[in-house]
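Novice: If you scroll down you'll find the structure; I have some questions about it.
Residue numbers (my numbering): 777 to 885.
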């Protein structure tokens, strides 16, 4: 008789421990992308003068030609130039202002 009582008690404990009545909190939701770091953008600014375009051309030729053949400005649209210049800015180690001048040059031609 003691064995039956112990077996029933053991079975009851196993059933109780396997029960799914406990609620588990949902995992935390990840933060939205780009909250910690802002993604830089290339701004299409009006070139103040022909000298700004000439400076953009000079920057383009002197910085970009160091590593690769130059593309013709018409090879890409204004929207296509944006990510190219953002990526190349890091490699060429140019400032945001220089990048914007190059962007104005390649999109003006």
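No residue lacks a Cβ here, since even glycine has one placed at the ideal position from N, Cα and C.
None of the values given here were measured: they were computed from a predicted structure.
Could you check the C-alpha separation between residue 882 and residue 844 for me, to the nearest Å?
Specialist: Your numbering for residue 882 matches position 106 in the chain shown. Your numbering for residue 844 matches position 68 in the chain shown. If I take the Cα positions, the gap works out to 16 Å.
Novice: Taking 7 Å as the limit between beta carbons, can you name the residues of its chain near residue 833, skipping five residues before and five after?
Specialist: By one-based count along the chain shown, residue 833 stands at place 57. 881, listed in sequence order.
Novice: Which one of 879, 839, 870 has the shortest CA to CA distance from residue 857?
Specialist: For the purposes of this step, residue 857 is taken as the residue at position 81 of the chain shown. The residue with the shortest Cα to Cα distance from residue 857 is 879.
Novice: Would you mind giving the Cβ-Cβ distance between residue 884 and residue 839, rounded to the nearest angstrom? I have them listed as a contact below 8 Å.
Specialist: In the chain shown, the residue the question calls residue 884 occupies position 108. In the chain shown, the residue the question calls residue 839 occupies position 63. Contact doesn't hold; Cβ gap of about 18 Å is too wide.
Novice: Please confirm whether residue 877 and residue 831 have their CB atoms less than 8 Å apart.
Specialist: Walking along the chain shown from the start, residue 877 turns up at place 101. Walking along the chain shown from the start, residue 831 turns up at place 55. The answer is yes: Cβ separation under 8 Å.
Novice: Can you list, in chain order, the residues of its chain with a C-beta nearer than 8 Å to that of residue 846? Leave out the 5 residues immediately preceding and following it.
Specialist: Numbered from its first residue, the chain shown carries residue 846 at position 70. Result list for residue 846: 836, 837, 840, in chain order.
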